[in-house]
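Here the structure comes first, spelled out in structure tokens, and everything after it is commentary.
Residue numbers (my numbering): 67 to 171.
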């Protein structure tokens, strides 16, 4: 699964994915009859839904170190090094699922 997962009021798990410009829901457990519906229809029919938090891919120590750098850049940007700012930007790009812009010369 690559999308965000949600659980409906009946305890069923759904994967939320973007298809064209619509957020759609696919059942995770019942793969014999794949059902695709809009997220709005899922909420109407089976809601409310609870979104599952993404599991961090970072180890505990790496996560804590990144949190420290993010806190420094956010609270005292004038003391952050260029490399620390780049580290925060790279983490934001990964979080958003986008490629970083090429560096200027």
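Beta carbons: idealized from backbone N, C-alpha and C, even for Gly.
For the beta strand (DSSP E) that residue i lies in, which residues bound it at each end?
i	result
residue 89	88-93
Output yes or no for whether 8 Å exceeds the beta carbon distance between residue i and residue j.
i	j	result
residue 71	residue 102	no
residue 75	residue 107	no
residue 105	residue 85	no
Mark residue i as exposed unless 16 or more other C-beta atoms lie within 10 angstroms of its C-beta, in which case mark it buried.
i	result
residue 117	exposed
residue 67	Note on residue 67: pLDDT 43, under 50, position unreliable in the model; the coordinate value appears next. By the 10 Å Cβ count, residue 67 comes out exposed.
residue 91	buried
residue 156	exposed
residue 115	buried
Where does the unbroken alpha helix (DSSP H) through residue i begin, and where does it stop?
i	result
residue 241	Not covered by the structure: residue 241. The range shown for the chain is 67 to 171.
residue 83	Unbroken run through residue 83 is the beta strand (DSSP E), 79-85; no alpha helix (DSSP H).
residue 105	105-112
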